[in-house]
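Just so you know, we're using full-length UniProt numbering here: the sequence shown kicks off at 1 and counts up by one.
What follows is one structure encoded as structure tokens, with my remarks underneath.
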Amino acid sequence: MNRNQVHNILSPRGDLISLRRRMLGMNQTELSASSHISQAHISKIEQGIKEPNEEQLSKLANALKCPVSFFYQSDREYGPPMSAHPSFRKQASVGQRSLDKVIADFNVKLSQVRTLLRFADLEPELPLPQYDSDEYSPENIAAMVRRAWYTPKGPIKNLTEYAERAGCIVFHVDMEAVKIDGASYRVAGMPPVIFLNKYQPADRMRFTLAHEIGHLVMHKYPSIEMEAEADQFASSLLMPREDISASLSDLTIEKAAYMKPVWKVSMAALIYRAKTLNKIDHYKSDYLWRRMSKLGYRTREPYELDFPNEKPSVITALIENLIDGMSYSESELEQVFHLFSSEIRESYGLYKPGPRLVG
């Protein structure tokens, strides 16, 4: 679809100009300086009071480093994720611009997922059941999810794989500026989408993923208890009571260090779980936390215990379906994503193929 065809269908959307600006971490004053359009006029364009002319659209697209077609998309903006609301509110020290940038990136990726699904059918192999946390405890719900997924007893080897088999789309993204570990969306007509901070250690990322699965399974609406419930769910999903209880008796720092790569959870999570299951009393718990602090493990657990991060595969497969399966060129990818190919490749970790050798 070329630009003229797009113009016959839609008018440029001011909210998408705002979305792209926020995605780049710009304010209206900075966009005004880059585009040579007054800040007051940009404000009216973003609010839908004024419609930009062709020259202004071109200036805005150049300043925002995207094709003009970005402003003609039909998908809506979904706002901040329900699951991250409490976490976002806690970040009083983080600037609003940083929060807006992360939320805008979430929304653009949601739109891209919806677009990619037009080219492929995703049929979940496993269910993603929903339960009411007012009727069941998070621990019981975690046990029911494990049963629904037919997980073997003991540690879950690859939680990302289970989440994707249950129909979730998992992204690893940069949320370091806002110190948010994860967020999730459940949007009508789309698979659940989970965003994980790519700079987390693997043990923390697994716990964050389990936490977000807990939100998707238990929470349709925000509540005061939802974060604590999601933490309880995550702990129970990764460390089921009946499977880990015996190993947590007489827990020591050395034992926690041994168990960490086996269960793929942090030493801290093991101490919390041992206390929750009454395998250690509060005196032993306090002693272990003092030792963790003295050794510096509350800041950073030993590097030698690190294990590799799990890698999402579904979003990469959807893009590769276009590139390899359907032979989409770079210019055609730009038409699909309404972004330049360099940004698409950087965003999804794709690499430009080198020249083919003929001989």
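Think of the CB as a built atom: it goes at the ideal place given N, C-alpha and C, for glycine as much as any other residue.
Only a predicted model underlies this, so the values are computations on that prediction, with no experimental measurement involved.
Worksheet item: How would you call Phe106, buried or exposed, if buried means at least 16 neighbouring beta carbons within 10 angstroms?
Response: Stepping through the sequence shown from its first residue, residue 106 is reached at position 106. Flag for Phe106 reads buried.
Worksheet item: Distance, Cα to Cα, Ile194 vs Ala256?
Response: Within the sequence shown, the letter at position 194 stands for residue 194. Within the sequence shown, the letter at position 256 stands for residue 256. Cα to Cα, the separation comes out at about 29 Å.
Practice prompt. Identify which residue in Tyr272, Thr299, Ala317 has its Cα closest to the Cα of Asp121.
Written response: Numbered from its first residue, the sequence shown carries residue 121 at position 121. That would be Ala317, whose Cα lies nearest to the Cα of Asp121.
Worksheet entry | Run of the alpha helix (DSSP H) containing Phe337, from where it starts to where it stops | Reading the sequence shown from its first residue, position 337 is the one you call residue 337. Looking at the DSSP string, the run of the alpha helix (DSSP H) that includes Phe337 is 330–337.
Worksheet entry | From Ile42, Leu10, Ser38, Ala228, residue whose alpha carbon lies closest to that of Leu19 | Working through the sequence shown from its first residue, we reach residue 19 at position 19. Comparing Cα positions, the closest option is Ile42.
Worksheet item: Asp181: which of Ser249, Lys157, Leu209, Ile244 sits nearest, CA to CA?
Response: For the purposes of this step, residue 181 is taken as the residue at position 181 of the sequence shown. Nearest C-alpha to Asp181: Leu209.
Practice prompt. Return yes when at least one heavy atom of the ligand HEM lies under 7 Å from the C-beta of Leu238, else no.
Written response: Summarising the ligand content, the structure contains no ligands, and the ligand HEM is consequently not present.
Item to complete: Give me the Cα-Cα distance between Pro12 and Pro52, rounded to the nearest whole angstrom.
Response: In the sequence shown, the residue the question calls residue 12 occupies position 12. In the sequence shown, the residue the question calls residue 52 occupies position 52. Spanning the two alpha carbons is a distance of roughly 8 Å.
Practice prompt. May I ask you to list the residues that DSSP assigns as paired with Ser184?
Written response: One-based indexing of the sequence shown puts residue 184 at position 184. According to DSSP, which records beta bridges pairwise, Ser184 is partnered with Ile194.
Worksheet item: Thinking C-beta only, is Leu128 closer than 8 Å to Val170?
Response: Indexing the sequence shown from 1 puts residue 170 at position 170. Indexing the sequence shown from 1 puts residue 128 at position 128. Contact flag unset, no.
Worksheet entry | Identity of the residue in Leu16, Asn27, Leu305, Arg146 nearest Asp243 by Cα | The residue you call residue 243 lines up with position 243 of the sequence shown. Here the closest residue by C-alpha is Arg146.
Practice prompt. Could I get the ranges of all uninterrupted alpha helix (DSSP H) runs contained in the stretch 188–241, with 4 residues as the minimum, in chain order?
Written response: 202–218, 226–238
Worksheet item: Which residues share a DSSP beta bridge with Phe171?
Response: If you number the sequence shown from 1, residue 171 lands on position 171. The partner list for Phe171 (beta bridge, DSSP) reads Phe195.
Worksheet item: How should Val187 be labelled, buried or exposed, when 16 other C-beta atoms within 10 angstroms of its C-beta is the threshold for buried?
Response: Stepping through the sequence shown from its first residue, residue 187 is reached at position 187. By the neighbour-count rule (16 or more Cβ atoms within 10 Å), Val187 is not buried but exposed.
Fill in: Residue span of the alpha helix (DSSP H) that contains Asp286, given as start and end
Start at 1 with the first residue of the sequence shown, and residue 286 comes out as number 286. From DSSP, the alpha helix (DSSP H) with Asp286 extends over 282–294.
Worksheet item: Terminal residues of the continuous alpha helix (DSSP H) containing residue 417?
Response: This structure cannot settle anything about residue 417, because the visible part of the chain is limited to 1 through 359.
Practice prompt. Give the DSSP-derived three-state secondary structure of Leu248 in the structure shown.
Written response: Start at 1 with the first residue of the sequence shown, and residue 248 comes out as number 248. DSSP places Leu248 in helix when its eight states are reduced to three.
Item to complete: Could you say which of Leu117, Met239, Arg76 lies nearest to Glu320 if we only look at CA atoms?
Response: For the purposes of this step, residue 320 is taken as the residue at position 320 of the sequence shown. Of Leu117, Met239, Arg76, the residue nearest in Cα terms is Leu117.
Item to complete: List the endpoints of the continuous alpha helix (DSSP H) containing Met144.
Response: Within the sequence shown, numbered from 1, the residue matching residue 144 stands at position 144. It spans 138–148 - the alpha helix (DSSP H) in which Met144 sits, taken as one unbroken run.
Discussion item. Going by DSSP, what residue range makes up the alpha helix (DSSP H) through Phe106?
Written reply: Translated into positions along the sequence shown, residue 106 becomes position 106. Taken as a continuous stretch (DSSP letters only), the alpha helix (DSSP H) holding Phe106 covers 96–116.
Fill in: Nonlocal neighbours in the same chain, by C-beta distance under 6 Å from Leu288, ignoring five residues either side
Taking the sequence shown and counting its residues from 1, one reaches residue 288 at position 288. Non-local C-beta neighbours of Leu288 in its own chain, meaning closer than 6 Å and more than five positions away in sequence, comprise Ile271, ordered along the chain.
Item to complete: Figure out for me which residue from His219, Gly296, Thr299, Arg241 has the closest Cα to the Cα of Gln130.
Response: In the sequence shown, the residue the question calls residue 130 occupies position 130. Of His219, Gly296, Thr299, Arg241, the residue nearest in Cα terms is His219.
Discussion item. Let's test the definition: count the other Cβ atoms within 10 Å of the Cβ of Ala92 and tell me whether it reaches 16, buried, or not, exposed.
Written reply: Here residue 92 refers to the residue found at position 92 when the sequence shown is read from its first residue. The predicted model places Ala92 with a pLDDT of 46, which falls under 50 and marks its position as unreliable, so this point remains unresolved.
Discussion item. Using a Cβ-Cβ cutoff of less than 8 Å, which residues in the same chain neighbour Ile323 once the five nearest sequence positions on both sides are dropped?
Written reply: Here the question's residue 323 lines up with position 323 in the sequence shown. Leu333, Leu350, listed in sequence order.
Worksheet item: Apart from the five residues on each side of it in sequence, which residues of its chain come closer than 6 Å, Cβ to Cβ, to Thr276?
Response: Stepping through the sequence shown from its first residue, residue 276 is reached at position 276. If we look at Thr276 and ignore the five residues flanking it on each side, it has no Cβ neighbours.
Worksheet item: Looking at the unbroken alpha helix (DSSP H) that takes in Leu16, where does it start and where does it end?
Response: Along the sequence shown, read from residue 1 onward, the residue named residue 16 stands at position 16. Counting along the chain, the alpha helix (DSSP H) containing Leu16 begins and ends at 14–23.
Discussion item. Am I right that Pro124 and Gly167 are in contact with their C-beta atoms under 8 Å? What's the rounded C-beta distance?
Written reply: Position 124 of the sequence shown, counted from the start, is the residue given in the question as residue 124. Position 167 of the sequence shown, counted from the start, is the residue given in the question as residue 167. With a beta-carbon spacing of about 3 Å, Pro124 and Gly167 fall inside the 8 Å limit used to define contacts.
Worksheet item: So, is Thr160 buried or exposed, given that buried needs 16 or more other C-beta atoms within 10 angstroms?
Response: Residue mapping note: residue 160 aligns to position 160 of the sequence shown, counting from 1. Counting Cβ neighbours within 10 Å, Thr160 comes out buried, since at least 16 surround it.
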